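Quick note: to get the numbering used here, add 1244 to the position in the sequence shown (first position is 1). Beta carbons are placed, not taken as given, at the ideal position from N, Cα and C, and that holds for glycine. The structure displayed is predicted, hence computed values, not measured ones. Let me begin by presenting the structure, written as structure tokens, before commenting on it.
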Amino acid sequence: MKSITTLLLSSLASASFACSIALNEQAINNKKVAEAANEFSIDLTKVTKIKAEDFSFLVLEEDPATYCPTIIQTDTKITLEYKPNLTTKCELSVTVRDVSEGDLAPTYEFMLPASSCSYVPIRIVRPIRIYPRS
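Structure (structure tokens):
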């Protein structure tokens, strides 16, 4: 009986350590920035500031035999500041959720988007010409 218990415990222990995953948070956030810009038609060359915060990770489903995650969800709040033209400054804030299932491409959801734009006055300085007196 003792050998069966030992065998069972060792097989359970090996199953729990059989799978490990690694997430590259920076790469995931970079992809989310690109997806958010694409979804909201923002030209990334016009972006002046990018902020990614509140990264979270959740395993939605595991393989019952190996306990390896089969469906993974990550959420990140993305904020983009951008200037679509010379006199307009805008900001977009959105929580981007991606759900990855195995080797399939992730699906993206965009939650709680908030956007605002403001006018930025510009000043064009022209040199003053001074004509000599005759």
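For this session: Determine, using beta carbons only, whether S1337 and T1318 come nearer to each other than 8 Å.
Result: Cβ distance not < 8 Å, so S1337 and T1318 don't count as in contact.
Exercise. Between I1265 and P1313, which are expected to be in contact by the criterion C-beta below 8 Å, what is the C-beta distance as a whole number of angstroms?
Worked result: Right, their Cβ atoms sit about 6 Å apart.
Problem set entry | Cβ separation of I1322 and V1277, assumed to be a contact under 8 Å, to the nearest whole Å | Cβ-Cβ separation between I1322 and V1277: approximately 6 Å, consistent with a contact (criterion under 8 Å).
For this session: Determine the DSSP secondary structure at L1356, reduced to helix, strand or coil.
Result: Correct three-state label for L1356: strand.
For this session: Locate the alpha helix (DSSP H) running through K1276, then write down its first and last residues.
Result: It spans 1269-1283 - the alpha helix (DSSP H) in which K1276 sits, taken as one unbroken run.
For this session: State the DSSP-derived secondary structure class of T1310, mapped to helix, strand or coil.
Result: Coil, per DSSP.
Exercise. When you compare only the Cα positions, how much space is there between N1274 and E1297?
Worked result: Roughly 12 Å separates the two Cα atoms.
For this session: Indicate the three-state DSSP secondary structure (helix, strand or coil) for T1331 in the structure shown.
Result: Three-state DSSP puts T1331 in coil, outside helix and strand.
Exercise. With 16 as the cutoff for other CB atoms within 10 Å, does C1361 come out buried or exposed?
Worked result: Around the beta carbon of C1361, fewer than 16 other beta carbons lie within 10 angstroms, which makes this residue exposed.
Exercise. For A1358 versus L1324, is the C-beta spacing smaller than 8 Å?
Worked result: For A1358 and L1324, no; Cβs fall outside 8 Å.
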